[in-house]
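Presented below is the structure to which this report refers.
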Amino acid sequence: MRLVKYIAIAIVNGFGVVIGIIWVAVPTTLAQPSLNYQLALSARQPERETPQSLSELYKLRDRLKVQLDNLAKTPDSAPFPAELWKSAIHRQQSQTLTQQLQNVQSQIQIEERAKYNWDDAAKLAAQAVLIGRTSNPSSATWEQSQRLWQLAINTLRLIPHDSFLADGAIDKTIEYQGNLSVATYEMQVARSVEKVRAEEEEIRERARQEQEKKEFARRELERKEQEKKDRARKELERQEFQRQELARKELERQELARKELERQELERQELARKELERQEFQRQELARKELERQELARKELEKQELERQELARKELERQELERQELARKELERQELARQELARQELETQELERNQQATSQPTPESTATPTPAPVTPAASPPPNFFFAGDTNRDGQINEQDEAGKEQWSLSKGALILFNDRNNERGKIPTWKQTKVSAPRRAAMLSQVNLTLSENFKTSQLFITADSIASPHISVFQKTGDGWQPVDISGAKPLVFSTNIVLGVEAKQFADRNWNGTVNLKATAQNNGQEIASTTIQMGVSPWMIAPNTAPVTEVQVSDRGSVNSEFISQLKQAVEPTGAQVKIIQGDRTWMQDTQKNGYVQLPEKSDIRQFKVAIKSNSEPEKNPPVKSNQDRDLKVFKIGNPRSLDPVSQWSDGYGNLQVTPPIPGHPMGRVYYGNSGNASFNPEVLNFIQAQRIQGPPVDIDTSWLLTRQVDEIINFIPTQTPGQYVMAIASPEAGVKLLEELEGRGYGDVTLNRGLSTQTTVSAALKNRALIQHNLYLQNQKLNPIIEKLKREFLLGDDQIIQVPVMFGYSGYAWWPNMVNSVPVNGKLLVSNPRGPMIDGVDYTQERLRQLLLPAGVSVSFLDDRYYQELKGNVQSATNTVRKPEERPFWQSLPNNY
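Numbering of the sequence shown is given in the working numbering, commencing with residue 556 and proceeding in unit increments.
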């Protein structure tokens, strides 16, 4: 636009020059009427460069003032009338310079104002930067910084678009807007932190105001009551007759109402009795059908077991025949070798005798000698006993010979896993080739090698098969203690007729090793094998105790004041049951995810030895030390695999809250493992392979948890023991039951009652039901997720409908429990520790709590509700916040399994 103006001015000036030339050539009489041309000519100015800064504008202004001063000194009156056009030109030039000066001064004012706005914005930005550098800034500090950045941006926007600073103002505005975004983000983060603190303060303030409100209401009621009494006293005489009449009518009305209520109550009780009889009949019918189904299943299992045992017996007979045949051939071979050695020895002796006879010749020296009769050397005694505790009776004797070469979960000598990572934590136990002594001699599995005196000149060797040898260690008990045994066959044992060996496993069975080892004892003379025998041993499997097992200890992390009330309530509920509460400082919030407590078993004479062994989480090892129980100082902890890098959505999939086990069920006497599968990220596959390799609580069952925020199965399923020993019920989350509970409350006129009391999701019953998106979401979860899960659980775990309790729960859109999740609970020695659902208060009773009590009433379960608001706001509940140490199964696992399992 400026260029166009300059071009237009140049054209006008050029046009003025032409007119001036023509004007000079015209006579004076013709020029008089054309005064406008003279004025136009006087307005012509020389072309100059356009000013590019405020200083140039100042120079231009000063130059124009000088020109005006010079023009003012020139007289504009013409001496002759014919030269009046010169005066007109003089005035025209003066007006033009004056107009230009005004324009320049106007532009100077614009640029000065722009510079002032620019400097003002810079000062505001400097203040905002200074505020942002404050240590530990609050949300108010960031809000002040945000306001200063916004003022700086608004000030820059006041700079006119035709100013020299317009382009720079645009760049600065973009820069300041980026800083404004940072200040806004920091303000929101600070507000979130302050909001949590403010909510706690608000709760305390609300409680104080509520107390004051109650006190004021009480005083107000007393005042009104007193006024009422005064009015009643003053009007008593006037209203006495009316009062008595009204009282009489009221009594009549109440009597009628009482009789009506009694009639309705009788009808209700009659209907309830009939309904209970109908339900009892249905329950008995279902129980009868279930017993029939279980009986059929038991008979089928017995038939299959008999068939399997028959096949196993035949296989054992075949193997025994083969073993006897091999032993016979081996004895024949050894006998031939012994006879050959005896023959060679006789030949040597005969040769030496002949040489002696030659050195002293006699008349008969030329005669051919006749060898004396040779008595065959006596064969070594067959006493070569090598066995472990094959029959698992806690002692080793001749009865352990039978079946010692074939190991199974139900029969054969057991080995214990004896981890050494506490000593050499950087090297996996099974890779430790230099083992000088057992870590704990009490955990060695004993093997006896008993020999006769005939073997005292022999060398004895112990060898293991190549697959198992990296995973076991063998020690010999000597006068100097336990000494390591070379199981490669290169170094013999320290000879004794009664050798005691100890065997330990460096790891459990896994996908690379089935946990069995073939140990061979060999006796050699002069490099020749003269006797050998083999036994097969196996690692005792790792098992998880179910939630129905007794509890010895409950573990919780101390989070300071935020969970102090929860810990206090936890101790009050747990300690009367005989269990202890272990409070751990500085551990992770979600104790259930840190490690999975399990156990292994080993036979002992007239008893059974139980060892606590736990799998430790791989995530954040420096923040997740192993949790040692108060009762189990020697708790063994090991890890499986390496940490996984999971996306934020699936970050909790590997937590051990996502790995659970059922109580004993048909076909799985030690329970069956189940876990959450979110599709993109299932529970740690290495741990699942480990569970499968134990062959006792698998195969694991996967449950769809893709719709849950935590992706963990303990959010929706829990097994709870009943008062009847060995019986249990399965609690499962039911969004449909949660919706029906709200509809039931509104139908009874409690739509305005508050639910989720004191939580961030606090609302009323009616408001929740009006949120149709939330209601439809939960009904969708029931139909598309929970109902298929229930059917799968009934099929996989052989559950009946009477064993399933659907607990009212509602879930938010991202899969978190909308009110505290009562399924995520902890059974402790006959008591169930449950999250306080903060449900609607009806007549002083929490309606949601009462509903759970009614559901568990037939099972005889005692319920303790804990205030876990801190965990609820973090999207977790009681079981996620705690871990338990449970007693192992008292009965040996091999006695619960079929033969040769």
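Note that the Cβ used here is the ideal one computed from N, Cα and C, for glycine as well.
- Positions of the alpha helix (DSSP H) runs, each at least 4 residues long and wholly inside the region 1297-1363, are given as 1320-1325, 1327-1336, 1342-1352 in order along the chain.
- Here the region 1100-1118 makes no contact with the region 1404-1421; the two share fewer than three CB pairs at distances below 8 Å.
- At least 9 Å separates the beta-carbon of Pro-1276 from that of Pro-1158.
- Contact between Val-1378 and Ile-1271 is confirmed by a C-beta separation of about 6 Å, below the 8 Å threshold.
- About 13 Å separates the CB atoms of Ala-1100 and Arg-1446; that is not less than 8 Å, and the two are not in contact.
- If you compare the alpha carbons of Gln-743, Leu-1353, Glu-1291, Ser-1237 with that of Leu-1336, the shortest gap goes to Glu-1291.
- For Gln-701, the uninterrupted alpha helix (DSSP H) segment begins and ends at 694-712.
- Taken through DSSP and simplified to helix, strand or coil, Ser-1435 comes out as helix.
- Taking the CA atoms as reference points, Ile-1287 sits about 25 Å from Thr-1319.
- 9 Å or more divides the Cβ of Leu-999 from the Cβ of Leu-1015.
- Sorting Trp-962, Ala-997, Gln-1001, Ala-996 by C-alpha distance to the C-alpha of Asn-952 places Gln-1001 at the top.
- Non-local beta-carbon contacts of Leu-623 in its own chain, meaning distances under 6 Å to residues more than five positions away in sequence, involve Leu-652 in chain order.
- In this structure the region 1201-1214 does not touch the region 1053-1069; the number of beta carbon pairs closer than 8 Å is below three.
- Burial of Glu-666 is indicated by the presence of at least 16 other C-beta atoms within 10 angstroms of its C-beta.
- The shortest C-alpha to C-alpha distance from Tyr-1425 to any of Leu-1296, Gly-1367, Trp-673, Ser-1390 is the one to Ser-1390.
- In the three-state reduction of the DSSP assignment, Asn-1081 falls in the coil class, being assigned neither a helical nor a strand state.
- DSSP places Trp-1145 in the coil class of the three-state scheme, outside both helix and strand.
- According to DSSP, Pro-1276 shares a beta bridge with Tyr-1283.
- Inside the region 717-787, DSSP marks no whole beta strand (DSSP E) run of 3 or more residues.
- The beta carbon of Gly-723 sits closer than 8 Å to those of Trp-673, all from its chain and outside the five residues before and after it, given in chain order.
- Relative to the Cα of Leu-612, the nearest Cα in the group His-645, Leu-626, Gln-662, Val-621 belongs to Gln-662.
- Bridge partners of Ser-1390 according to DSSP: Leu-1421.
- For Met-998, the three-state secondary structure derived from DSSP is helix.
- Bounds of any alpha helix (DSSP H) do not take in Ile-1220, whose DSSP letter is neither H nor E.
- If you ignore the 5 residues before and after Ala-1134, its C-beta comes within less than 7 Å of the C-beta of Val-1106, Thr-1107, Glu-1108, Val-1109, Val-1383, Asn-1384, all in its own chain and listed in chain order.
- The region 1341-1357 and the region 1392-1402 do not touch, with fewer than 3 CB-CB distances between them shorter than 8 Å.
- For a cut-off of 8 Å, the C-beta gap from Glu-1241 to Gly-1306 is around 51 Å, too long to register as a contact.
- In this chain, Gln-682 is not harboured by any beta strand (DSSP E); it is covered by the alpha helix (DSSP H) spanning 639-687.
- For Leu-1157, the secondary structure class from DSSP, reduced to helix, strand or coil, is strand.
- Between the alpha carbons of Gln-849 and Glu-1351 lies a distance of about 14 Å.
- For Leu-1263, there is no enclosing alpha helix (DSSP H), as DSSP marks it with neither H nor E.
- Within the DSSP secondary-structure output, Ser-963 pairs in a beta bridge with Lys-966.
- Secondary structure in the region 1077-1137: the beta strand (DSSP E) runs of 3 residues or longer, each lying completely within the stretch, are 1083-1094, 1106-1113 in chain order.
- Among the bridge pairs identified by DSSP, Ser-1289 is matched with Pro-1363.
- Taking the CA atoms as reference points, Leu-791 sits about 18 Å from Glu-805.
- Sequence-distant partners of Ser-1233 (beyond 5 residues in either direction) whose C-beta falls short of 7 Å from its own C-beta, in its chain, are Ser-1205, Ser-1208, Thr-1260, Ser-1261, Arg-1266.
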